[in-house]
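Peer 1:
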Amino acid sequence: MFASFQKKKKHKAKNSLLAHVVCDLCSLMFQNHFTLFNAFWLMEAGRFVFGIGGESLAVAQNAYAVSWFKGKELNLVFGLQLSMARIGSTVNMNIMGWIYSRVQDLLGSTGHSTLGFTLMIGGVTCIFSLICALILAYLDKRAEKILCKEQGKTGEVIKLTDVKDFSLSLWLIFIICVCYYAAVFPFIGLGKVFFIEKFKFSSQEASAINSIVYIISAPMSPVFGFLVDKLGRNIIWVMFAVVATLASHVMLAFTFWNPWIAMCMLGVAYSLLACALWPMVAFVVPEHQLGTAYGFMQSIQNLGLAIIAIAAGTILDSRGYLFLEVFFSACICLSLIAVVMLYFVNHLTGRCMFILSLYIFSSVLFESVILVTTMI
2 MFASFQKKKK HKAKNSLLAH VVCDLCSLMF QNHFTLFNAF WLMEAGRFVF GIGGESLAVA
62 QNAYAVSWFK GKELNLVFGL QLSMARIGST VNMNIMGWIY SRVQDLLGST GHSTLGFTLM
122 IGGVTCIFSL ICALILAYLD KRAEKILCKE QGKTGEVIKL TDVKDFSLSL WLIFIICVCY
182 YAAVFPFIGL GKVFFIEKFK FSSQEASAIN SIVYIISAPM SPVFGFLVDK LGRNIIWVMF
242 AVVATLASHV MLAFTFWNPW IAMCMLGVAY SLLACALWPM VAFVVPEHQL GTAYGFMQSI
302 QNLGLAIIAI AAGTILDSRG YLFLEVFFSA CICLSLIAVV MLYFVNHLTG RCMFILSLYI
362 FSSVLFESVI LVTTMI
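Using this note's numbering, read the sequence shown as starting at 2 and increasing by one per residue.
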């Protein structure tokens, strides 16, 4: 949040982008040296630096994209961004184990040095990211001169207190984001053992099906982005994605159908939601508040994921995977309610609609908390 505010205050998205890439590079150096020298405190320092640069990098990318692409173009742009990110995630999930094995064969040991060299090889991708950021900074500077454009200057004063002026529509988008991703990322993190225990998959089969969400999102995200660009109606697409995700979790929880069906459905829904949801922020927020809005959205998403990850681990340890899937389904239901409310808020205005929406969501949230508490 602070990083996004600083970026907007300085009116230089490219400088922020470079700074966050450098932070990521420094964090990799810390973590690689931790594994090489077996110093746990150094790894913690690296994770701290990564927290400063890693998530803020996403905010800088989003604000950068919004500053150069307008209107319906945003859906395709965000789809391409997600596609590249998911390609990286998929490659990491499927190739790092193989690299570790090759380094282990070369060194003849399985100690911390093997892990350190493996992470150093993986860290080369961050150097490539830095090179891309430098090229982008040059191209951006050149474009400013050619177009006589002063990027980021809108004549408005940017303040952290802008948060209190966010519209109800934006807060509903935040709720959709937090509740939806809370049922996707923690599930993928715990999914491998789930498929081994419930469906008796081998370790390799479980890894393959667990990564299918990212594999599908890589090619499908730009396709869905282009589709949403042409057809519009982002809210409807988000609603379809949330309903499909809910169906996926219900199938995994209460049936023994082939889990590839549910996971493929989840991958398609995840791709569609990202392409349709994130550009909606630019539709409901003034341009000078975009950095603050995206920063706040990223912040509460990470806070929600941190809390949900702890809750998911507690439920899994005490109740098992069935109750965990019910918990994830409840999160998706909250997201669906927020989508429906957002749809009506966009068609109805006035204080009465605000009070009604707040009452409905508060009631459902209270009932969900009681349900989860009884489960635990």
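For each residue, glycine too, the CB sits at the ideal point set by N, CA and C.
Could you give the distance in angstroms between the alpha-carbon of residue 97 and the alpha-carbon of residue 274?
Peer 2: The count along the sequence shown starts at 1 and reaches residue 97 at position 96. The count along the sequence shown starts at 1 and reaches residue 274 at position 273. Spanning the two alpha carbons is a distance of roughly 28 angstroms.
Peer 1: Measure the Cβ-Cβ separation of residue 249 and residue 266 and say whether it is below 7 angstroms.
Peer 2: To locate residue 249, count along the sequence shown from 1; it is residue 248. To locate residue 266, count along the sequence shown from 1; it is residue 265. Against a cut-off of 7 angstroms, the Cβ pair of residue 266 and residue 249 comes out as a contact.
Peer 1: Alpha carbon to alpha carbon, how far is residue 146 from residue 1? Give it in angstroms, no decimals.
Peer 2: Residue numbering for the chain in the displayed model covers 2 to 377; residue 1 lies beyond these limits and cannot be assessed.
Peer 1: Contact defined as beta carbons within less than 8 angstroms: I believe residue 295 pairs with residue 63. What is the distance between those atoms, to the nearest angstrom?
Peer 2: Against the sequence shown, residue 295 aligns to sequence position 294. Against the sequence shown, residue 63 aligns to sequence position 62. Correct: roughly 4 angstroms between the Cβ atoms.
Peer 1: In three-state DSSP terms, what is residue 194?
Peer 2: The residue labelled residue 194 in the question sits at position 193 within the sequence shown. Three-state result, residue 194: helix.
Peer 1: Take residue 78 and list the residues in its own chain whose beta-carbon comes closer than 6 angstroms to its own, dropping the five residues that flank it on each side.
Peer 2: If you number the sequence shown from 1, residue 78 lands on position 77. Cβ within range, chain order: 66, 70.
Peer 1: Tell me, please, whether the segment 250 to 265 touches the segment 278 to 295 by the rule of three or more beta-carbon pairs shorter than 8 angstroms.
Peer 2: Touching, no, given that fewer than three Cβ pairs across the two stretches are closer than 8 angstroms.
Peer 1: Put residue 21 into one of helix, strand or coil per three-state DSSP.
Peer 2: The residue given as residue 21 occupies position 20 in the sequence shown. Its pLDDT being 49, under 50, residue 21 is placed unreliably by the model, and the measurement read from it follows with that caveat. In this structure, residue 21 counts as helix in the three-state DSSP scheme.
Peer 1: Can you tell me whether residue 326 is buried or exposed, with buried defined as 16 or more other CB within 10 angstroms of its CB?
Peer 2: Position 325 of the sequence shown, counting from 1, holds the residue named residue 326. Buried is the call here.
Peer 1: Which word fits residue 193, buried or exposed, when buried means at least 16 other C-beta atoms lie within 10 angstroms of its C-beta?
Peer 2: As a working note, residue 193 is residue 192 in the sequence shown. By the 10 Å Cβ count, residue 193 comes out buried.
Peer 1: Short of 8 angstroms in beta carbon distance, which residues of its chain neighbour residue 240, apart from the five on each side in sequence? Order them along the chain.
Peer 2: Residue numbering aside, residue 240 sits at position 239 when the sequence shown is read from its first letter. Correct list, in chain order: 337, 340, 341, 344.
Peer 1: Going by alpha carbons, who is nearest to residue 272 out of 121, 226, 100?
Peer 2: Residue 272 sits at position 271 when you count from the first residue of the sequence shown. For the residues 121, 226, 100, the minimum Cα distance to residue 272 belongs to 226.
Peer 1: Counting C-beta neighbours from all protein chains within 10 Å, is the total for residue 136 16 or more, i.e. buried, or is it exposed?
Peer 2: Translated into positions along the sequence shown, residue 136 becomes position 135. When all chains shown are included, residue 136 counts as exposed.
Peer 1: Alpha carbon to alpha carbon, what distance is there between residue 330 and residue 290?
Peer 2: Position 289 of the sequence shown, counted from the start, is the residue given in the question as residue 290. Position 329 of the sequence shown, counted from the start, is the residue given in the question as residue 330. Whole-angstrom Cα-Cα distance: 33 angstroms.
Peer 1: Taking residue 119 as part of the alpha helix (DSSP H), name the residues at either end of that continuous run.
Peer 2: As a working note, residue 119 is residue 118 in the sequence shown. Segment 113 to 123, the alpha helix (DSSP H) holding residue 119.
Peer 1: Where residue 106 and residue 47 are concerned, what is the direct C-alpha to C-alpha distance, given to the nearest angstrom?
Peer 2: Position 105 of the sequence shown holds residue 106. Position 46 of the sequence shown holds residue 47. Cα to Cα, the separation comes out at about 27 angstroms.
Peer 1: For residue 298, I'd like the list of residues in its chain whose CB is within less than 7 angstroms of its CB, leaving aside the five on either flank, ordered along the chain.
Peer 2: Taking the sequence shown and counting its residues from 1, one reaches residue 298 at position 297. Once the five neighbours on either side are set aside, the close Cβ partners of residue 298 are 175, 178, 282.
Peer 1: With a CB to CB cut of under 6 angstroms and the five nearest residues on each side skipped, what residues in its chain are close to residue 87?
Peer 2: Position 86 of the sequence shown, counted from the start, is the residue given in the question as residue 87. Cβ neighbours of residue 87 beyond the five flanking positions: 215, 218, 219.
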